[in-house]
Amino acid sequence: MAVFVIRRLLASIPLLVLATLLVFVTLELVPGDPAELLAGEDATPQRVAEIRQELGLDRPLLVRYGDWLAGLLRGDLGTSLSRGMPVRELIRGALGPTVELAAAAAAAGITVGIGLGTLQAAAGGRLDGWVSAAVSLALSVPGFVVATVLLWVFAIELGWLPASGRVPVLSDPIGGLRTLVLPAGTLALSMGAVLARFTRGSVAAVLQQEYIRAARARGLPEPRILVRHCLRPALVPVLTVAALQVGNLLTGALVIEQVFTRPGIGYLAVTAVRQRDIPLVQGVVVVFAAAYVLVNLAADLAAALADPRLRQ
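When we follow our numbering, the leftmost residue of the sequence shown carries the number 34, and every step to the right adds one.
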């Protein structure tokens with residue numbers, strides 16, 4: 034198992050480097066000069082040139098990227114151009130709200146999605162049809178539309194939940210959960226729909242296997258067959274899909290945190306892009322890429338534990 038983990042980690046290093054390099058090059062091609070933004074509208078060309086030199090923006094792209102990568106290896110993500118603070122500190126402050134949001138959405142999405150998919154495959158009939166229709170509807174509506182509707186109904190019209198902001202769950206559990214319901218529910222809806230569809234197909238396929246028929250022939254109760262003999266092999270491919278969906282929660286947070294004004298990584302990333310804050314954008318990209326790698330590694334480990342053949 035240790036060799037399996039090390040192999041997966043080593044394979045992820047080139048992906049992390051490539052992701053940061055692509056973002057570095059992309060930001061270089063985006064119109065606008067960070068030095069001009071910092072200097073202000075009334076700044077002279079000489080002052081703009083001085084700021085570019087102070088920030089090192091006058092050096093070649095690959096040289097700047099190499100310096101940034103060397104700093105990353107030392108744990109130094111640089112200094113934010115727009116805020117003058119260490120990028121590491123800004124990310125640390127924004128990480129908590131996003132982790133809360135992603136954890137709540139993942140817990141709800143995985144529970145509801147796997148539960149509904151299993152119920153569909155086991156029950157069949159009219160229930161399967163109704164749930165399939167609901168899943169299709171959930172997948173067809175964009176997340177920002179769902180967020181806007183939930184915000185209007187439950188926050189503005191009914192006033193049951195706060196429309197924006199964030200309260201730390203650890204310091205105020207009730208207040209924190211109230212600020213989590215709408216954004217986490219929005220993200221969980223699409224994740225749960227995807228998992229329900231994949232779980233239904235996987236469970237239905239396993240239920241057609243010969244050993245399941247043999248278990249039924251022996252007179253074993255259907256719930257026992259489902260829980261003890263069906264779910265474990267059926268959920269192996271679902272784990273991979275779940276990992277991808279957890280990674281997609283971070284992408285969804287870019288939009289959802291804007292809608293609900295939640296001060297997380299997504300909100301910080303959008304602000305940094307608008308301000309052409311290259312060091313801050315790079316730091317956020319590292320966090321996103323590392324999160325994808327860790328989530329997929331966790332899924333690979335879970336799948337390998339469930340099916341030892343995958344360790345080979």
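Glycine included, C-beta positions come from ideal geometry on N, C-alpha and C.
Nearest neighbour of residue 109 by Cα position, chosen from 100, 325, 115, turns out to be 100. Among the bridge pairs identified by DSSP, residue 119 is matched with 112. Taken through DSSP and simplified to helix, strand or coil, residue 293 comes out as coil. Per DSSP, residue 202 lies in no alpha helix (DSSP H) segment and is marked neither H nor E. For residue 161, the enclosing alpha helix (DSSP H) starts and ends at 158 to 173.
Here DSSP, grouped into helix, strand and coil, assigns residue 89 to coil.
Note that the C-beta distance between residue 114 and residue 312 is below 8 Å.
Measuring C-alpha to C-alpha distances from residue 292 to each of 68, 276, 268, 216 identifies 216 as the nearest. Around the beta carbon of residue 244, a 10 Å sphere encloses fewer than 16 other beta carbons of the protein chains shown; the residue is thus reported as exposed. Remark: C-beta atoms of residue 289 and residue 317 do not approach each other more closely than 8 Å. Less than 8 Å separates the beta-carbon of residue 194 from that of residue 214.
For residue 63, no alpha helix (DSSP H) run applies, since DSSP gives it neither H nor E. The three-state secondary structure of residue 185, taken from DSSP, is helix. DSSP places residue 154 in the helix class (H, G or I) of the three-state scheme. Residues 236, 240, 255, 259 of the same chain have their beta carbon placed closer than 8 Å to that of residue 155, with the five preceding and five following residues left out of the count. Note that the segment 134 to 143 does not touch the segment 77 to 96; fewer than 3 beta-carbon pairs, one per stretch, sit closer than 8 Å.
Segment contact: the segment 160 to 177 against the segment 220 to 229, three or more CB-CB distances shorter than 8 Å; contact assigned. Leaving aside the five residues that flank residue 61 on each side, the residues in its chain whose CB is nearer than 6 Å to its CB run, in chain order, 94. Proximity to residue 90 across 142, 201, 57 peaks at 57, based on C-alpha coordinates. Here the C-alpha atom of residue 221 lies approximately 4 Å from the C-alpha atom of residue 142. In the DSSP assignment, residue 304 falls within the unbroken alpha helix (DSSP H) covering 298 to 307.
Inclusion of residue 212 and residue 198 in the CB contact set at 8 Å is warranted, their separation being smaller than that value. When DSSP states are grouped into helix, strand and coil, residue 315 belongs to the helix group. Following the DSSP letters along the chain, one finds residue 95 inside the alpha helix (DSSP H) bounded by residues 94 to 106.
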